[in-house]
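Asker: This is the structure, below, for whatever I ask next.
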Amino acid sequence: MSSHPGLGVMIKTLFGGDSDAGEAVKQSLGKTITALELTEDDNLVLTFEDKTKLKLWDGGQSCCESRYMRTDDNLSDYIGGQLLDMELRDAPSQADGDDDAHDVQFLVVKTSNGQFVMSNHNEHNGYYGGFYIEAAVLPQ
Numbered sequence: 001m002s003s004h005p006g007l008g009v010m011i012k013t014l015f016g017g018d019s020d021a022g023e024a025v026k027q028s029l030g031k032t033i034t035a036l037e038l039t040e041d042d043n044l045v046l047t048f049e050d051k052t053k054l055k056l057w058d059g060g061q062s063c064c065e066s067r068y069m070r071t072d073d074n075l076s077d078y079i080g081g082q083l084l085d086m087e088l089r090d091a092p093s094q095a096d097g098d099d100d101a102h103d104v105q106f107l108v109v110k111t112s113n114g115q116f117v118m119s120n121h122n123e124h125n126g127y128y129g130g131f132y133i134e135a136a137v138l139p140q
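Be aware that the sequence shown starts at 1, since it is given in full-length UniProt numbering, and climbs by one per residue.
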């Protein structure tokens, strides 16, 4: 991860950010997935058999950086499986030019049908690094 966390990441890290994120994931563990979607605004949304939804996103936006989420996995392969766990893994930072950086953090989602990997990207000028993956249970 970048050695220069952006202001949004620093503030949320220093002041605890959204303390409900871990609880949102815990509430969703063991539930059966009925739909998975990577939305146009780079949110991963898991819908469960009980009609609840879990939304995950990178909430570390500060200013001028470009943040986005991608996957090479076929999300439909995991529908019908139970959500078992999630894990974050940092990738080495990559320089894109003189002052530009491209950071990647992987969100590994483990299900009873196997695991899939979401890659969270942050392209910035070297001063807006870091990630702040957030989670929330959406109202029905």
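Just so you know, even glycine gets a beta-carbon here, dropped at the ideal spot from N, CA and C.
CA-CA distance, asparagine 125 and valine 104?
Answerer: Taking the sequence shown and counting its residues from 1, one reaches residue 125 at position 125. Taking the sequence shown and counting its residues from 1, one reaches residue 104 at position 104. Cα-Cα distance, rounded: 14 Å.
Asker: Can you give the beta carbon distance from phenylalanine 116 to aspartate 85, rounded, assuming they're within the 8 Å contact cut?
Answerer: Taking the first residue of the sequence shown as position 1, residue 116 is located at position 116. Taking the first residue of the sequence shown as position 1, residue 85 is located at position 85. Phenylalanine 116 to aspartate 85, Cβ: 12 Å. No contact.
Asker: Glutamate 65 to glycine 130, Cα distance in whole Å?
Answerer: Locating residue 65 in the sequence shown gives position 65, counting from the first residue. Locating residue 130 in the sequence shown gives position 130, counting from the first residue. Taking the straight line joining both Cα atoms gives about 11 Å.
Asker: So, glutamate 134 versus lysine 110, is the Cβ gap smaller than 9 Å?
Answerer: For this step, residue 134 is matched to residue 134 along the sequence shown. For this step, residue 110 is matched to residue 110 along the sequence shown. No, these two residues do not count as a Cβ contact at 9 Å.
Asker: Along the beta strand (DSSP E) that carries glycine 114, what are the first and last residues, could you check?
Answerer: If you number the sequence shown from 1, residue 114 lands on position 114. Residues 114 to 124.
Asker: By how many angstroms is the C-alpha of glutamate 40 removed from the C-alpha of serine 62?
Answerer: To locate residue 62, count along the sequence shown from 1; it is residue 62. To locate residue 40, count along the sequence shown from 1; it is residue 40. Between serine 62 and glutamate 40, the C-alpha separation is close to 20 Å.
Asker: Please classify residue 168: does DSSP put it in a helix, a strand, or coil?
Answerer: Shown here, the chain extends from 1 to 140; a query on residue 168 therefore has no answer.
Asker: From serine 112 to glutamine 140, what distance separates their C-alpha atoms?
Answerer: Along the sequence shown, read from residue 1 onward, the residue named residue 112 stands at position 112. Along the sequence shown, read from residue 1 onward, the residue named residue 140 stands at position 140. Cα to Cα, serine 112 sits roughly 24 Å from glutamine 140.
Asker: Is there a C-beta anywhere in chain D that falls below 9 Å from the one on alanine 24?
Answerer: Protein chain content of the structure displayed is limited to a single chain, and chain D is not contained in it.
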